[in-house]
Amino acid sequence: MTTRTTSGVRGGIGTSVRRPDGIPKVMGNFAYASDLWSEDMLWGATRRSPHAHARLTRLDIAPALAMNGVRAVLTQDDVQGKPTFGQEEQDQPVFCDNTAQYWGEPVAVVAADDEETARRAAAAIIVEWEPLTPLTDPEQAVEEGLSFREMRIRRGDEDASGTIVVEGIYETATQDQAPLGTEAGFAIPDGEGGLDLYVTSQWIHVDHRQIVACLDMAPDSVRCHPAGIGGAFGSREDISLHIHVAMLALATGRPVKMVYDRTESFAGHVKRHPSRMWYRHEADESGMLVKVTARLLLDGGAYAHTSRAVLANAAFFTVGPYRCDSVVVDAAVAKTNNPPAGAMRGFGAVQTCFASESQMDLLAEKLGMDPLELRRANALLAGDHMSTSGQIIEGSLPTLEVIDAVEAIPLPDPLDDDDPRLLPGGTGLTSPRGSVVRGVGYAVGLKNLAFSEGFDDFAEARVVMTAAGVEVHTAAMEVGQGLVTVCQQIARTVLGTDQVAIVWDDTSQIGSAGSTSASRQTQMTGGAVHAAAVGLRDQILADHDGDELRDDGVYREGERVATIDDVCSSGPVEHHVQFRHPETFPPDENGQGDVHAGFVVAAHRAVVDVDPELGLVRVVRVDTAQDVGTALNPQAITGQLEGGIMQGVGLAVMEELVINEGIILNPTFTDYLIPTFLDAPAVETRIVEAGDHWGPFGAKGIGESPTISSTPAIVAAIRAATGRPLSRVPVRPEDIVGI
Amino acid sequence: MNVTIKINGEDRAVDVAGAESLLTVLRNDLDLPGTKDACEQGECGSCSVVFDGDVVCSCLVMAVDADGSEVTTVEGLGTEDDLHPFQEAMLAEGGVQCGFCTPGVVIAGAHLLEENSQPSEIEIREALSGNICRCTGYGAILRAFETVARGDV
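Top to bottom, those sequences are chains E and Y.
Taking this note's numbering, the leading residue of the first sequence gets 998, the next gets one more, and so forth.
Taking this note's numbering, the leading residue of the second sequence gets 108, the next gets one more, and so forth.
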């Protein structure tokens, strides 16, 4: 019997349906973690190290405990279980134990009747330090053997050489995810020794594992719940206040709420790794790459977090979306006393894309070739070997299509307006129009999809048919990207009904969905929802000998043979799956092997106006063509492309955490600049559909690509306008002026 | 100190302890958590409210200075059955992702459209330049204004 797929279901895949959480969000009654509240709750606050490296010589909590309204003050001595946590390596103490390893490391937490008292009590704790010299130079750290990972890639002929050679040293600064919602958590004791925790997260199951270990509690006595989240971008991949707020609730027997302020948020989550990269590209006279040699150095800061995986990504994407038979990469991620680094949108590929795309432009210039022709000539395509790992690219890789599509977008007219709001520097530092020079630049970026290197990457979903409609159960974190809509669309399309609700389960109700990161949830949780919905549909059709499921029942050859009430006559019918992507493997000692599950490619073109005398830049446009596999929700894709590009604009021209001797000098929104509406370029997008081999309906994850090649495209455009070499991002006025 | 503020058309009395901001009082004392706290420095606009006719960052207004004032928060803008056209357009155009900036954006956007029903692109960009959005890149928010200006909601 052939199963028919119902077409035309309302709100299915391929349509730009509205978000189910949209109405509460525009009305202000969507409950974010920081909005949670109960009458008898306490407020938590954190005391932190003011030093990047210092020995703790005195810690006296008595003055805080003596204050009216203070209910608990906790330190490392109060940690009942494992003293350290960490996603990959448990190397970070829950509180600073003897020595602070980074600026802002938590030392103690307080629970008090109100927020103000909690903060004053945290400040009243007596903490004395013996400052130590912080290790802040990542090169020195690696020389001293302080690294989280070192890896090498050797592919092809180490002695190969090309006649055309370009070399460069590139740097990227520390970027912050700066989600608008700061870290927040709400912990409620259950009266039986356990607790429920609502916390900002990207992966509640991996949080849960670390929390119960540090609390020394049975896994089923702690339930982590998804909470409303104000953006993430990698910043919530690791634990922040989770264990602290849980400990305070257990110690006081009362619900406890903690919310970081903005400065704490800058101190309290991981950053994008700053990097230094040396590159040599060698090509033949026709521009074909012969060999790429690179040394990569990332600064992982004080604790491991996801540094090992970030380094691997940086290394495997050293060459970008190009063929090259001989590749030599030596890469390391250093352990220092700088702010801990970890996940941020693009995850290592951002850094090497900036360097390698800069190199491709240098090479094109030396060859006298058009930069896009050079890229087309070397383009990595499906069926090719990855130039670094050597693995064969399976599925689709429309590198040429994205280059062609972005080039075909019409260029904007030259600037012809004296409105200072349209000039570099804006109304505050206005350039005269006559001194403004326009530049255009391109870049292409490659990214892996989901987790790599043999990680057992899976997502669970349960799809339930009830008489009132379909429920999709998942513990995946919706952080704003629209997973909630995509899961609904997939279930609707498979089950032939628009009555689909997403139910966010806690860690006791369903298994892990994996992290909302690595561009993975559309494919992984989407894939799990798809598989569960198909399993449920097939089971219902088999039970009723039907060939089609519609919103009003089961059909056989066009005739209804059972209603939905019949289907659910003995109660809801459900199907539960654990979905896995194609198996990956750890690389061998030369970095070779099938380390990735899939690839996605994008191209960006930037147009900038620059005042070379003042060193001011206005990013006029950033256009993009994006490989999406299959477009499940075109409007949501456009939102990812436009939003991701803006974080690329930030890294290109304004976003930098300025760090001196390990201390962040600009941990506020006044001093850490994020693109505003007036900074934001116009964006034209082209969606390229080439269908992939394992995502639901051929979809690929696209969350990170927009942030990868947008930055080098903008810098290429500034170079084109000014002729300056520009080897560091963000580009500062002094880099353009040359002082 | 006792202060009375007309919030969303209703007089609300609150005992303000000291140096609290209007934002803190709205969120913690008056059960109006729709107004968001993201920077407490007047940089991001997440806490935007209409204060005696002007859009302000409520984190920069001392609660005691709000005595006798009229304030509109996101909770006072529309109802589920009767959303403000700009709220409706934000939904239609995908101007909402994580939504944390959204209360401030709809307050600032609705206020702009009240003063200027046909704003130009650069007028929109300038009027909303105090509202940081980290998710959308602003494109969908811009299209939401165009949708309202065209009368399509």
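By construction, the Cβ of each residue, glycine as well, lies at the ideal position given by its N, Cα and C atoms.
Which chain E residues are close to residue i, counting only those with a beta carbon under 7 Å from its beta carbon?
i              : result
S236 (chain Y) : T1673, F1674, L1675
P140 (chain Y) : D1032
P210 (chain Y) : G1025
A120 (chain Y) : Near A120 (chain Y) there are no residues of chain E at all, since even the closest Cβ is about 19 Å away, more than 7 Å.
E150 (chain Y) : F1666, T1667
Is the Cβ-Cβ distance between residue i and residue j less than 7 Å?
i               : j               : result
A1510 (chain E) : A1559 (chain E) : no
A1229 (chain E) : V1476 (chain E) : yes
P1271 (chain E) : A1170 (chain E) : yes
T1708 (chain E) : G1645 (chain E) : yes
D1296 (chain E) : P1128 (chain E) : no
S165 (chain Y)  : L130 (chain Y)  : yes
T1627 (chain E) : E1580 (chain E) : no
I1400 (chain E) : D1620 (chain E) : no
T243 (chain Y)  : G1636 (chain E) : yes
S1386 (chain E) : Q1589 (chain E) : yes
I1208 (chain E) : I1240 (chain E) : yes
C146 (chain Y)  : R1259 (chain E) : yes
R1534 (chain E) : V1491 (chain E) : yes
S1046 (chain E) : E1102 (chain E) : yes
Y1099 (chain E) : A1280 (chain E) : no
May I have the straight-line CA-CA distance separating residue i from residue j, to the nearest angstrom?
i               : j               : result
M998 (chain E)  : I1561 (chain E) : Legend: pLDDT at M998 (chain E) = 45, less than 50; position of this residue unreliable, value from coordinates given subsequently. C-alpha separation (whole angstroms): 21 Å.
L190 (chain Y)  : L249 (chain Y)  : 18 Å
I1671 (chain E) : E1652 (chain E) : 6 Å
Y963 (chain E)  : T1349 (chain E) : Only positions 998 to 1736 of chain E appear in the structure, and residue 963 (chain E) is not among them; the question remains open.
I1736 (chain E) : V1592 (chain E) : 44 Å
Y1195 (chain E) : L1377 (chain E) : 44 Å
D1542 (chain E) : S1567 (chain E) : 17 Å
A1328 (chain E) : I1390 (chain E) : 23 Å
M1148 (chain E) : Q1486 (chain E) : 41 Å
G1165 (chain E) : M1274 (chain E) : 8 Å
E1282 (chain E) : L1364 (chain E) : 7 Å
L1480 (chain E) : D1585 (chain E) : 35 Å
A1379 (chain E) : E200 (chain Y)  : 35 Å
Please confirm whether residue i has its beta-carbon closer than 7 Å to some beta-carbon of chain E.
i              : result
M197 (chain Y) : yes
S153 (chain Y) : yes
R232 (chain Y) : yes
V132 (chain Y) : no
I239 (chain Y) : yes
I114 (chain Y) : no
Q225 (chain Y) : no
V260 (chain Y) : no
When you compare the CB of residue i with every CB in chain Y, is at least one pair closer than 7 Å?
i               : result
R1015 (chain E) : yes
T1665 (chain E) : yes
P1318 (chain E) : no
M1366 (chain E) : no
P1176 (chain E) : yes
Q1486 (chain E) : no
M1357 (chain E) : no
V1307 (chain E) : no
Q1632 (chain E) : yes
M1643 (chain E) : yes
V1403 (chain E) : no
For a contact meaning CB atoms closer than 9 Å, what does residue i contact in chain Y?
i               : result
L1419 (chain E) : I229
In chain Y, which residues lie with their C-beta within 8 Å of the C-beta of residue i?
i               : result
N1375 (chain E) : Here the premise fails: no neighbours, minimum Cβ distance about 30 Å.
E1639 (chain E) : T243, G244, Y245, G246, A247
List, in order along the chain, the chain E residues whose C-beta lies closer than 8 Å to that of residue i?
i              : result
Q204 (chain Y) : G1228, G1477, Q1478, G1479, G1636, G1640
A217 (chain Y) : What A217 (chain Y) touches in chain E: nothing, since even the nearest Cβ is about 10 Å away.
A145 (chain Y) : L1177, G1178, T1179, G1227, R1259, F1666
Anything in chain Y within Cβ reach of residue i, meaning under 7 Å, just list it in chain order.
i               : result
K1022 (chain E) : V203, G206, T209
Hey, is the segment 1275-1288 of chain E in contact with the segment 1315-1325 of chain E, meaning 3+ C-beta pairs nearer than 8 Å? A contact is defined here as three or more CB-CB pairs under 8 Å, and the segment 1275-1288 of chain E meets this definition with respect to the segment 1315-1325 of chain E.
Count the CB pairs spanning the segment 1010-1029 of chain E and the segment 1070-1079 of chain E that are closer than 8 Å, and state whether there are at least three. In this structure the segment 1010-1029 of chain E does not touch the segment 1070-1079 of chain E; the number of beta carbon pairs closer than 8 Å is below three.
At a cut of 8 Å, does the segment 1040-1058 of chain E reach the segment 1102-1121 of chain E through at least three beta carbon pairs? Under the Cβ criterion (8 Å, minimum of three pairs), the segment 1040-1058 of chain E counts as touching the segment 1102-1121 of chain E.
Report yes or no: do the segment 1074-1087 of chain E and the segment 1292-1311 of chain E share at least 3 C-beta pairs separated by less than 8 Å? In short, these stretches touch, since the Cβ pair count reaches three.
Three or more C-beta pairs under 8 Å: does that hold for the segment 1438-1456 of chain E against the segment 1686-1702 of chain E? With three or more CB-CB distances shorter than 8 Å, the segment 1438-1456 of chain E counts as touching the segment 1686-1702 of chain E.
Okay, do the segment 231-242 of chain Y and the segment 205-223 of chain Y touch, 3+ Cβ pairs below 8 Å being the bar? The segment 231-242 of chain Y vs the segment 205-223 of chain Y: in contact.
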